[in-house]
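Colleague: If you use my numbering, the sequence shown corresponds to residues 2 to 461, in order. Even for Gly, the Cβ is constructed at its ideal location relative to N, Cα and C.
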Amino acid sequence: MAHAFFGGIHPNDMKAATNEKAIEQLAAAPAQVVIPMSQHIGAPCKPLVAVGDTVKVGQRIGEPGGFVSAPIHASVSGKVVAVEPREFGMGGKMLSVVIENDMQNTISEEVKPVENPDALTPEQLVEIVKNAGIVGMGGATFPTHIKISGGIGKVDTVIINAAECEPYITGDHRTILERTGEVIGGAALLAKMFGLDVVHVGIEENKMNAVEVLRKAIAETHAPVVVDVFHTRYPQGAEKQLCQAVTGRQVPPGALPAAVGCAVFNLNTTCAIYRAVYQGMPVVSKVVTVSGSGVVEPKNVECPIGTPISHLFDHCGGLKETTFKIIMGGPMMGLAQYSTDVPIAKGSGAILAFAENEDKTVENPTCIRCGKCVGVCPMHLEPLYMYMYERKGMLEELEAANVLDCIECGACTYTCPGRLHLVHTFRSGKQKVNMAKAAAKAAAEAAAAKDAEKAEKKEA
Ligand code: SF4
Ligand code: SF4
């Protein structure tokens, strides 16, 4: 029996446009891919290739830039034509390797399936995950090998996040239906790495055909996996809400799921673990939902990492003339894009385009103090006050209101009748609070160093 979480909303899921369509491969591969050297939380990668080099699919082209980082691999074979900053989906520019596709799809000699996967130790499996550049592919993009190695021995509940609670997105749903073996195989590998008897897969009840397919496969293969079905409520797929739904444990403010013995992995991440171990293939492709009222023929498409989003729109019949907004990610948590040149990265699960009369912005957003935002916030925050503090530059009050606990789910923005840009404001508010904290820490360290220097001089 799933445990309920506080707050949340019930938006129209808008999934019918794609949830019955099989995942398609691109009709024509992209002529060029642009592969950003940062597709993860942590230090960007250092390019291992230069202009003029030839590369093959699965070849490592980006070396991790620090402990928290993940390698990056070529997604097509061809020639490196540029190594330079290019626009990317997170905003601004990022050093990227641009590869001209030779359309040969030549696989690198580095891609080697393991001979006897069943004989691998948990440590050897983690090493494979690390070398395959696997990150949280639902958008969080935290390096997976660090989450696993940090959780072994501490985590007693592993949850595969198949809630896919954002409207429009159906890539995970289709993956369960079409690649069931990868999901179950990846989950079994996670069970082995954590030394657990069972791994949970959490799904919302609007995907019962996926639940049935999974349960049938689990029964047939005796896999160490159970399926938990949740009520459909946004943001059911948020890490903390999933932990509560499966275990009844509440992750404390400011803490990670590991604090209550849980680790959550995205469904795509789970499949990537399976492919890395059984096929030797690192992360080189992504299933992306291309949907929204601006897309002529919405679809789920699998494409090489680095494919420009314009190429995906072309595959889906193009954009309607009245398109006014493009979002990378879901409508609740995604980021608005101002160019169709930005490439698909490891964390990109959807590209949405909106057209016609869907623009709901107003000229002068105003808070009418209705309190609806408080009632839907799954983190028990008070968005109306946080908004006021941010607008007035009251950073101490903003921090005291726990803005850093905001998971940027967008439930408050969705429900706000005053049409305030709440989640956008909290994103920038969190940045400002973090910057102010970093500045205060640096000032305190500088003062301490000065005091120590003075004391030293005195002694001398
Ligand atoms: S929902 Fe919007 S209008 Fe209502 S109190 Fe919150 S911020 Fe104000
Ligand atoms: S975006 Fe932040 S403040 Fe708004 S509902 Fe979600 S967690 Fe609460």
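1) Any heavy atom of ligand 3 closer than 7 Å to the Cβ of Pro379?
2) Which residues in the same chain have their Cβ closer than 7 Å to the Cβ of Tyr386, if we skip the five residues on either side of it in sequence?
3) What are the boundary residues of the alpha helix (DSSP H) that Asn210 is part of?
4) Compute the minimum distance between the beta carbon of Thr308 and the heavy atoms of ligand 1, and state whether it is under 7 Å.
5) Can you give the Cα-Cα distance for Gln40 and Val289, rounded to whole angstroms?
6) Pull the bridge partners of Ile310 from the DSSP assignment, please.
7) Is Pro12 near ligand 1, judged by its Cβ being under 7 Å from some heavy atom?
8) Please identify the residue among Leu197, Gln432 and Pro123 whose C-alpha is closest to the C-alpha of Glu400.
9) So, is Thr122 buried or exposed, given that buried needs 16 or more other C-beta atoms within 10 angstroms?
10) Provide the residue span of the beta strand (DSSP E) that contains Arg61, from first to last.
11) Quick one, what's near ligand 1 if you take every residue whose CB is closer than 7 Å to any heavy atom, in chain order?
12) Nearest to Asn20 by CA position, among Phe68, Thr176, Val159 and Phe325, is which residue?
13) Just how far apart, CA to CA, sit Asn162 and Gln242?
14) Comparing alpha-carbon positions, which option in Phe89, Glu88 and Asp103 lies nearest Val82?
15) Taking 7 Å as the cut-off, is the beta-carbon of Gly330 closer than that to any non-hydrogen atom of ligand 2?
16) Which of the three DSSP states is assigned to Pro118 in this structure?
17) Who pairs with Ile328 in a beta bridge, going by DSSP?
18) Is Phe427 near ligand 2, going by C-beta to nearest heavy atom under 7 Å?
19) For Pro379 and Ala277, I'd like the C-alpha separation in whole angstroms.
20) On a CA-only basis, which of Val227, Ile108 and Asn207 is nearest Leu215? Give me that one, please.
21) Report the partner residues of Gly79 according to the DSSP bridge assignment.
22) Using 8 Å as the threshold, is the C-beta distance between Ser150 and Val136 below it?
23) With DSSP as the reference, label Leu382 as helix, strand or coil.
24) Go to Ile161, then tell me how far its beta strand (DSSP E) extends in each direction, as first and last residue.
25) Does the Cβ of Pro144 have 16 or more other Cβ atoms within 10 Å, making it buried, or fewer, making it exposed?
26) When we look at the beta-carbon of Lys131 and count the other beta-carbons within 10 Å, is it buried (16 or more) or exposed?
27) Comparing the CB of Leu215 with every heavy atom of ligand 2, is any distance shorter than 7 Å?
28) If distances are taken between C-alpha atoms only, which option among Glu88, Thr362 and Val77 comes closest to Ser109?
29) For Gln26, collect the residues of the same chain with a Cβ closer than 7 Å to its Cβ; drop the 5 residues on either side in sequence, then sort them by chain order.
30) Could you give the first and the last residue of the continuous alpha helix (DSSP H) run that contains Ser429?
31) Is Cys410 a contact residue of ligand 2, with contact defined as CB to any heavy atom under 7 Å?
32) If you draw a straight line from the C-alpha of Ala246 to the C-alpha of Ala264, how long is it?
33) Can you give the beta carbon distance from His425 to Val284, rounded, assuming they're within the 8 Å contact cut?
34) Who are the Cβ neighbours of Glu85 in its own chain at under 8 Å, not counting the five residues just before and after it?
35) Whole angstroms are fine: how far does the CA of Ile10 sit from the CA of Val377?
36) State whether the region 433 to 451 contacts the region 392 to 399, with contact taken as three or more CB pairs (one from each stretch) at a distance under 8 Å.
Modeller: Taking the definition as stated:
1) In the structure shown, ligand 3 is absent; the only ligands present are ligand 1 and ligand 2.
2) Start at 1 with the first residue of the sequence shown, and residue 386 comes out as number 385. Taking C-beta separations shorter than 7 Å and ignoring five residues to either side along the sequence, the partners of Tyr386 in its chain run Ala402, following chain order.
3) Here residue 210 corresponds to residue number 209 of the sequence shown, with the count starting at 1. For Asn210, the uninterrupted alpha helix (DSSP H) segment begins and ends at Met209 to Thr222.
4) Position 307 of the sequence shown, counting from 1, holds the residue named residue 308. Answer for Thr308: no, Cβ out of range of ligand 1.
5) Within the sequence shown, residue 40 is the residue found at index 39, counting from 1. Within the sequence shown, residue 289 is the residue found at index 288, counting from 1. Straight-line Cα distance between these residues: approximately 16 Å.
6) The sequence position of residue 310 within the sequence shown is 309, counting from 1. DSSP output for Ile310 lists no bridge partner at all.
7) By one-based count along the sequence shown, residue 12 stands at place 11. Incorrect: Pro12 has no Cβ contact closer than 7 Å to ligand 1.
8) For this step, residue 400 is matched to residue 399 along the sequence shown. Ranking the options by Cα distance to Glu400, first place goes to Gln432.
9) Looking up residue 122 in the sequence shown gives position 121. The residue is exposed, with fewer than 16 neighbouring Cβ atoms inside 10 Å.
10) For this step, residue 61 is matched to residue 60 along the sequence shown. Counting along the chain, the beta strand (DSSP E) containing Arg61 begins and ends at Arg61 to Glu64.
11) Cys368, Ile369, Arg370, Cys371, Gly372, Lys373, Cys374, Val375, Pro384, Leu385, Tyr388, Cys413, Thr416, Cys417, Pro418, Gly419, Leu421 and Leu423
12) Within the sequence shown, the letter at position 19 stands for residue 20. For the residues Phe68, Thr176, Val159 and Phe325, the minimum Cα distance to Asn20 belongs to Thr176.
13) As a position in the sequence shown, residue 162 is number 161, starting the count at 1. As a position in the sequence shown, residue 242 is number 241, starting the count at 1. Their Cα atoms are separated by approximately 11 Å.
14) As a working note, residue 82 is residue 81 in the sequence shown. Comparing Cα-Cα distances from Val82 to each of Phe89, Glu88 and Asp103, the minimum goes to Asp103.
15) Position 329 of the sequence shown, counted from the start, is the residue given in the question as residue 330. Incorrect: Gly330 has no Cβ contact closer than 7 Å to ligand 2.
16) As a working mapping, residue 118 is identified with position 117 in the sequence shown. Residue state, collapsed to three classes: helix.
17) Along the sequence shown, read from residue 1 onward, the residue named residue 328 stands at position 327. Its beta-bridge partners are Ala337 and Leu353.
18) Here residue 427 corresponds to residue number 426 of the sequence shown, with the count starting at 1. Yes, the beta carbon of Phe427 sits closer than 7 Å to at least one heavy atom of ligand 2.
19) Locating residue 379 in the sequence shown gives position 378, where the first residue counts as 1. Locating residue 277 in the sequence shown gives position 276, where the first residue counts as 1. Rounded to whole angstroms, Pro379 to Ala277 spans 35 Å at the Cα level.
20) Translated into positions along the sequence shown, residue 215 becomes position 214. Considering only alpha carbons, the answer is Val227.
21) Working through the sequence shown from its first residue, we reach residue 79 at position 78. Gly79 is bridged to Val56 and Asn102.
22) Here residue 150 refers to the residue found at position 149 when the sequence shown is read from its first residue. Here residue 136 refers to the residue found at position 135 when the sequence shown is read from its first residue. Result no, Cβ atoms of Ser150 and Val136 do not sit closer than 8 Å.
23) Within the sequence shown, residue 382 is the residue found at index 381, counting from 1. Of the three classes helix, strand and coil, the one that applies to Leu382 here is coil, per DSSP.
24) As a position in the sequence shown, residue 161 is number 160, starting the count at 1. From DSSP, the beta strand (DSSP E) with Ile161 extends over Thr158 to Asn162.
25) For the purposes of this step, residue 144 is taken as residue 143 along the sequence shown, with counting starting at 1. Burial call: buried.
26) In the sequence shown, residue 131 corresponds to position 130, counting from 1. Around the beta carbon of Lys131, a 10 Å sphere encloses 16 or more other beta carbons of the protein chains shown; the residue is thus reported as buried.
27) Along the sequence shown, read from residue 1 onward, the residue named residue 215 stands at position 214. Flag unset: Cβ of Leu215 not near ligand 2.
28) Against the sequence shown, residue 109 aligns to sequence position 108. Ranking the options by Cα distance to Ser109, first place goes to Val77.
29) For the purposes of this step, residue 26 is identified with residue 25 of the sequence shown, where counting begins at 1. Cβ within range, chain order: Glu303.
30) Indexing the sequence shown from 1 puts residue 429 at position 428. Note, Ser429: alpha helix (DSSP H), Leu423 to Glu460.
31) Looking up residue 410 in the sequence shown gives position 409. Relative to ligand 2, the nearest heavy atom lies less than 7 Å away from the CB of Cys410.
32) By 1-based counting over the sequence shown, the position of residue 246 is 245. By 1-based counting over the sequence shown, the position of residue 264 is 263. So the two alpha carbons sit approximately 13 Å from each other.
33) Reading the sequence shown from its first residue, position 424 is the one you call residue 425. Reading the sequence shown from its first residue, position 283 is the one you call residue 284. Rounded, the Cβ-Cβ distance is 29 Å, inconsistent with contact.
34) Locating residue 85 in the sequence shown gives position 84, where the first residue counts as 1. Cβ within range, chain order: Leu96, Ser97 and Val99.
35) In the sequence shown, counting from the first residue as 1, residue 377 sits at position 376. In the sequence shown, counting from the first residue as 1, residue 10 sits at position 9. Going from the Cα of Val377 to the Cα of Ile10 covers about 6 Å.
36) yes
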